[in-house]
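The opening position of the sequence shown corresponds to residue 1 in UniProt numbering, with each subsequent residue numbered one higher.
C-beta: ideal position from N, C-alpha, C; glycine also.
Working notes for the structure below.
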Amino acid sequence: MIIMIAAVAENDALGKNNELVWHLPNDFKRFKSLTTGHYIIMGRKTFESFPKPLPNRTHVVITRQENYQPEGCIVVNSIEKAIAICPKNETSFIIGGGEIYNLGLPYADKLEITRVHHNFEADAFFPEINPDNWREIFSEFNPIDDKHLYEYTYQTYIKK
Numbered sequence: 001m002i003i004m005i006a007a008v009a010e011n012d013a014l015g016k017n018n019e020l021v022w023h024l025p026n027d028f029k030r031f032k033s034l035t036t037g038h039y040i041i042m043g044r045k046t047f048e049s050f051p052k053p054l055p056n057r058t059h060v061v062i063t064r065q066e067n068y069q070p071e072g073c074i075v076v077n078s079i080e081k082a083i084a085i086c087p088k089n090e091t092s093f094i095i096g097g098g099e100i101y102n103l104g105l106p107y108a109d110k111l112e113i114t115r116v117h118h119n120f121e122a123d124a125f126f127p128e129i130n131p132d133n134w135r136e137i138f139s140e141f142n143p144i145d146d147k148h149l150y151e152y153t154y155q156t157y158i159k160k
């Protein structure tokens, strides 16, 4: 199963200048719990936004740069090759960024979205979730609190 996981603003914003534009500690914990032990597919810029590789995950990095080989990562030049490298009988995650989400959407079986209830200025965006193709099966609202400046909702969609 291929799952796309993302935190997405109301205006589909993902981030700006290769950084998230919000801080939601509970979303980081959820991301870690869902992706640990799995293959995670990402673009080069997303990989480079991490201070170091994420522990206990197999990193598959998509780039057009020849001779790009960060230590401990599998490097490919297409979404198709990235998906082909992942074990067929296990769950794998597409974790971004914007271009990789657009390329990966047709291959995804499930979407794990954290919808941040605010509009942000951004330069990377999540593709539109077309209700003709996706059915929401779970939704959990989370209010503002002392660690979260924005309301957000966990949403799970499956492909129709």
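- Can you tell me where the alpha helix (DSSP H) with residue 99 in it begins and where it stops? 98–104
- With 16 other CB atoms within 10 Å as the buried threshold, where does residue 109 fall? Residue 109 comes out exposed.
- Item | Residue range of the unbroken alpha helix (DSSP H) whose run includes residue 80 | That run of the alpha helix (DSSP H) goes 79–85.
- Query: Are residue 114 and residue 7 closer than 8 Å when you measure CB to CB?
  - Reply: yes
- Mind checking whether residue 112 and residue 34 have CB atoms under 8 Å apart? yes
- Alpha-carbon spacing of residue 18 relative to residue 147, whole angstroms: 23 Å
- Query: Near residue 56, which residues of its chain fall below 8 Å by C-beta distance, leaving aside the five closest residues on each side in sequence?
  - Reply: 36 and 37
- Message: Does residue 34 come out as helix, strand or coil in the three-state DSSP assignment?
- Response: helix
- Integer-rounded CB distance, given that residue 62 should sit under 8 Å from residue 84: 12 Å between Cβ atoms; not a contact.
- Which one or two residues does DSSP pair with residue 42 in a beta bridge? Answer is 61 and 96.
- Query: Excluding sequence positions up to five away, which residues of its chain have a Cβ less than 6 Å from the Cβ of residue 49?
  - Reply: 18
- Among residues of its own chain, excluding the 5 on either side of residue 125, which ones have a beta-carbon nearer than 7 Å to its beta-carbon? 12, 13, 14 and 98
- Message: For residue 138, report the span of its beta strand (DSSP E) as first-last.
- Response: 134–142
- Determine, using beta carbons only, whether residue 78 and residue 86 come nearer to each other than 8 Å. Judged by beta-carbon spacing, residue 86 lies beyond the 8 Å limit of residue 78, meaning their Cβ atoms are not closer than that value.
- Query: Closest by CA to residue 100, which one among 122, 89 and 127?
  - Reply: 127
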